[in-house]
Amino acid sequence: FFFFQAEDGIRDFCLSRGLGDVYKRQVSTQSTWGFIKITGAFKLILKKKKQKMSKKPAQAQKAQPAQKAQPAQPAQTVNQFVESEGRKIWVPENIIRQRERNQTYATKLQELRTRRRQDIQKKRQEWLKRAEAYHKEYQQAERDLIDNKRKARAEGGFYVPAQPKVALLIRIKGINHVDPRTKRILRLFRLRQLHNAAFVKINKATTNMIQKILPFVTLGYPNRKTIQQLIYKRGYVKINGQRIPLTDNKLIEEHLTKQNIICVEDLVHEIVTCGPNFKQANNFLWPFKLSSPRQGWEKKRHPYQNGGAFGNREDQINELVRRML
Amino acid sequence: TQSTWEFQFHKNITIYLEKMLARPQVSVFNSANAGEIVGQVTLPGVFRAPIRNDIVHFVHVNLAKNTRQAHGVKTNAGMQHAAESWGTGRAVARIPRVGGSGTHRSGQAAFGNQCRKGRMFAPLKTWRRWHRKVNLTQKRHAIASALAASCWVPLVVARGHRIDDIPELPLVLDDKIESIEKTRDIIALLKRFRAYDDVEKVARTIKIRAGIGKLRNRRYRQRKGPLFIYSNENAKLIKACRNVTGVQICNVNRLNLRLLAPGGQLGRFCIWTQSAFSALDRIFGSYRKTGQDKKNYQIQRPSLTNPDLSRLITSNEIQSVIRRAKTPVRRHDLQKKNPLKNKGALQRLNPYANVLKELNRKQNEQNRKKREDAIKAGRGASKQISADVKKQKRSQRKKSRDWVRGIFNQLDEASKRDQERYVNLATN
Chain W
1 FFFFQAEDGI
11 RDFCLSRGLG
21 DVYKRQVSTQ
31 STWGFIKITG
41 AFKLILKKKK
51 QKMSKKPAQA
61 QKAQPAQKAQ
71 PAQPAQTVNQ
81 FVESEGRKIW
91 VPENIIRQRE
101 RNQTYATKLQ
111 ELRTRRRQDI
121 QKKRQEWLKR
131 AEAYHKEYQQ
141 AERDLIDNKR
151 KARAEGGFYV
161 PAQPKVALLI
171 RIKGINHVDP
181 RTKRILRLFR
191 LRQLHNAAFV
201 KINKATTNMI
211 QKILPFVTLG
221 YPNRKTIQQL
231 IYKRGYVKIN
241 GQRIPLTDNK
251 LIEEHLTKQN
261 IICVEDLVHE
271 IVTCGPNFKQ
281 ANNFLWPFKL
291 SSPRQGWEKK
301 RHPYQNGGAF
311 GNREDQINEL
321 VRRML
Chain B
1 TQSTWEFQFH
11 KNITIYLEKM
21 LARPQVSVFN
31 SANAGEIVGQ
41 VTLPGVFRAP
51 IRNDIVHFVH
61 VNLAKNTRQA
71 HGVKTNAGMQ
81 HAAESWGTGR
91 AVARIPRVGG
101 SGTHRSGQAA
111 FGNQCRKGRM
121 FAPLKTWRRW
131 HRKVNLTQKR
141 HAIASALAAS
151 CWVPLVVARG
161 HRIDDIPELP
171 LVLDDKIESI
181 EKTRDIIALL
191 KRFRAYDDVE
201 KVARTIKIRA
211 GIGKLRNRRY
221 RQRKGPLFIY
231 SNENAKLIKA
241 CRNVTGVQIC
251 NVNRLNLRLL
261 APGGQLGRFC
271 IWTQSAFSAL
281 DRIFGSYRKT
291 GQDKKNYQIQ
301 RPSLTNPDLS
311 RLITSNEIQS
321 VIRRAKTPVR
331 RHDLQKKNPL
341 KNKGALQRLN
351 PYANVLKELN
361 RKQNEQNRKK
371 REDAIKAGRG
381 ASKQISADVK
391 KQKRSQRKKS
401 RDWVRGIFNQ
411 LDEASKRDQE
421 RYVNLATN
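So the protein lines, in turn, are chains W and B.
Last residue of the first sequence: 325 in this note's numbering, with the numbers rising by one and none dropped.
Last residue of the second sequence: 428 in this note's numbering, with the numbers rising by one and none dropped.
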């Protein structure tokens, strides 16, 4: 039957089976003849245009042949006969080109991967270094405390360590029947839910705020282990307003490089020592969602001092957090 | 500049020209001898019109409405009563009821579409808009599409025609067939060109229609066979073809969409006479010029010059410049692993943790060892102490114990005395 043979490229108009350059294989007299026709007609147009315009035929003529070469297939010939098992197999041109493209992509991917691996290794070295430095710092701080105490005792005096700079606030009461001021303050501390916990820098401002919400929270001064455990186990971070689990240091680095915090240990250190970037570090952490404490609360309606639960329980917060973690 | 515009114009024209000039020659067959080609005709431009089945469907659907005959329900059907509602308070529904007495009908509900013997909802009216006007250009585009489709074997075969053995598509025969008078000659011709299979198909499939239509003068249904298209008004072909089941005839000047795309389905098997085939250029024109008989009609330009999307996408031109498909990036693991328990998670976050653990372990080892050594060193220490020293120590301990006991005894006695005094006070 009659079937219009297609040339490859964008110019053909027939309904083909979409097998790429299958049709290139099929040499047809029709299409080549049609091809001749095209160029013939083209010359006809040019001739006609030449007759019409007297001034700029040269430019048009120059432009057209140059442009005509472009849509034609690339000049380099692709050897489409591939040796395989002693025979020459004809492979469609676009398959050959596809293989080349895939090859270049594969090598690029390989390079990218090795580069990535090297980057990560470098980063891990840095994290190791920092963690080590912090460990030494913590140990030093402990030793200093002991030494100072001993020295003071030896002189017959007392050593008063610095007041704690960071507190952990845990919301004790639920969201019902809360007066507006308390509600507001709790919201400012990011304690919008029962058993939410958040670190808070201790200064005059926050102390006064805490005073106003005391019956609704319990607070204390977390030690390093508490802070670490909270961040490792219940650590979620705020990225783009979303609560993302802290599974990779990459999350921290992407966010807090400016504050020179690039790994979890940096974050922990910043909170523990209440460093200069405490605000950023703390705000980066989403408020911790703790469980209700195992072995339960003492009367939540009474202050801790009276055998209850709310209010400042200073170091005893650590024991509580162990039970809530 | 004018030159670039002209160049652009040329470039666009070139594409269309290539298509137009890419019209091949169609063989004209000798109607007496199927093997003999007596001439060549260039494929008319209309056969390269874009195949717009959406336009064809729209036009067909609307033109099909034009042969409808008005019908309606009797205007007063179901309303020929003086029925009135009884109102409330009679323990019956408020529907109008037939008045009077002496018959079952009295008191029965009337008028409503829900009532027995009532009028239907929205009684059908004859002034329903039965006919549809379709734009002339749309109709012309539809015909052009149908013609274009009729030269593609896949479409014609998909429509159901049996054309496996015909010599060429489009099938163009010389003008001698216009003067064929006899039905048997037409049948012989169809057999000669292997088109009789299509006719046989029609005869085979004549069935009684399902449904009420069979009682309404539409008793039989059958498939469509070949369509003869002629151009001479006085062609005897018409009478010859009339009685052959399935075969239809059409004048090229009055091409009918219902013949070219029956049921709105493109791809009718058409058999052309040479003059009819050649006339198409005059009637429809081509991409280069408008039609003469259809005045100012320009064949539609297709929106895609190459509609073969799969071929386009797999072509080198496109594949070499498109980027890689993006893999969906997951921000974080779907399940958070607890680093305090999961060693891998901890290692990922804090590579120092393992180091520290190792350090602590070593430290613990050392401490334990030191303690053990100290204990070992202290063992048997009591053996070193002399018996006198032990005795002395023992007696010292006894002394201090006795002293403490003595104090407790004193306290007990004192409390006893106090109790007695209190009791005495109470009784007295």
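For every residue, glycine included, the Cβ atom is placed at its ideal position computed from N, Cα and C.
None of these values were measured; they are calculated from a predicted model.
Is it buried or exposed for residue i, if we count other Cβ within 10 angstroms and need 16 for buried?
i	result
residue 301 (chain B)	exposed
residue 367 (chain B)	exposed
residue 52 (chain B)	buried
residue 89 (chain W)	exposed
residue 81 (chain W)	exposed
residue 66 (chain B)	exposed
residue 272 (chain W)	buried
residue 274 (chain B)	buried
residue 339 (chain B)	buried
residue 403 (chain B)	exposed
residue 7 (chain W)	Because the pLDDT of residue 7 (chain W) is 36, which lies under 50, any placement of that residue in the model is unreliable, and the question is left without a value.
How about residue i and residue j: are their beta carbons less than 8 Å apart?
i	j	result
residue 28 (chain B)	residue 173 (chain B)	yes
residue 277 (chain B)	residue 299 (chain B)	no
residue 300 (chain W)	residue 173 (chain W)	yes
residue 252 (chain B)	residue 225 (chain B)	no
residue 268 (chain W)	residue 227 (chain W)	yes
residue 176 (chain W)	residue 287 (chain W)	no
residue 94 (chain W)	residue 314 (chain B)	yes
residue 45 (chain B)	residue 281 (chain B)	yes
residue 256 (chain B)	residue 250 (chain B)	yes
residue 317 (chain W)	residue 159 (chain W)	no
residue 79 (chain B)	residue 119 (chain B)	yes
Are any of the Cβ atoms in chain W nearer than 8 Å to that of residue i?
i	result
residue 281 (chain B)	no
residue 185 (chain B)	no
residue 226 (chain B)	no
residue 243 (chain B)	no
residue 419 (chain B)	no
residue 146 (chain B)	no
residue 352 (chain B)	yes
residue 394 (chain B)	no
residue 71 (chain B)	no
residue 331 (chain B)	yes
residue 338 (chain B)	yes
residue 316 (chain B)	yes
residue 286 (chain B)	no
residue 190 (chain B)	no
residue 323 (chain B)	no
residue 348 (chain B)	yes
Rank the options by C-alpha distance to the C-alpha of residue i and give the top, closest one.
i	options	result
residue 77 (chain B)	B:164, B:123 and B:64	B:123
residue 240 (chain W)	W:312, W:254 and W:215	W:254
residue 272 (chain B)	B:43, B:24 and B:22	B:43
residue 254 (chain B)	B:244, B:364 and B:294	B:294
residue 228 (chain B)	B:416, B:33 and B:236	B:236
residue 85 (chain B)	B:99, B:333, B:319 and B:59	B:99
residue 210 (chain B)	B:203, B:201, B:202 and B:221	B:221
residue 141 (chain W)	W:161, W:128, W:169 and W:324	W:161
residue 194 (chain W)	W:205, W:202, W:181 and W:216	W:216
residue 245 (chain B)	B:369, B:190 and B:297	B:190
residue 150 (chain B)	B:130, B:131, B:171 and B:164	B:171
residue 206 (chain W)	W:321, W:121 and W:168	W:168
residue 310 (chain W)	W:261, W:210, W:103 and W:236	W:210
I think residue i touches residue j, with their Cβ atoms under 8 Å apart; what is that distance to the nearest whole Å?
i	j	result
residue 267 (chain B)	residue 159 (chain B)	4 Å
residue 280 (chain W)	residue 251 (chain W)	The Cβ separation is near 14 Å, so there is no contact.
residue 83 (chain B)	residue 58 (chain B)	Going by Cβ atoms, the distance from residue 83 (chain B) to residue 58 (chain B) rounds to 46 Å, so no, they are not a contact pair.
residue 198 (chain W)	residue 191 (chain W)	6 Å
residue 336 (chain B)	residue 245 (chain W)	4 Å
residue 258 (chain B)	residue 105 (chain W)	With a Cβ gap of about 55 Å, residue 258 (chain B) and residue 105 (chain W) do not count as contacting.
Within 8 Å of any Cβ in chain B, is that where the Cβ of residue i sits?
i	result
residue 28 (chain W)	With a pLDDT of 39 at residue 28 (chain W), under the threshold of 50, the modelled position of that residue is not reliable, and the figure given next carries that caveat. So no, residue 28 (chain W) is outside the interface.
residue 10 (chain W)	Residue confidence is low: residue 10 (chain W) scores 38 on pLDDT, short of 50, so the model does not pin down where it sits. Its coordinate-derived value is still stated next. Chain B contact via Cβ: present.
residue 25 (chain W)	For residue 25 (chain W), the predicted model reports a pLDDT of 42, less than 50, meaning its position is unreliable and no value from the coordinates is stated.
residue 90 (chain W)	no
residue 244 (chain W)	yes
residue 136 (chain W)	no
Below 7 Å, is the gap between the Cβ of residue i and the nearest heavy atom of the ligand HEM?
i	result
residue 30 (chain B)	The model depicted lacks the ligand HEM and carries no ligand whatsoever.
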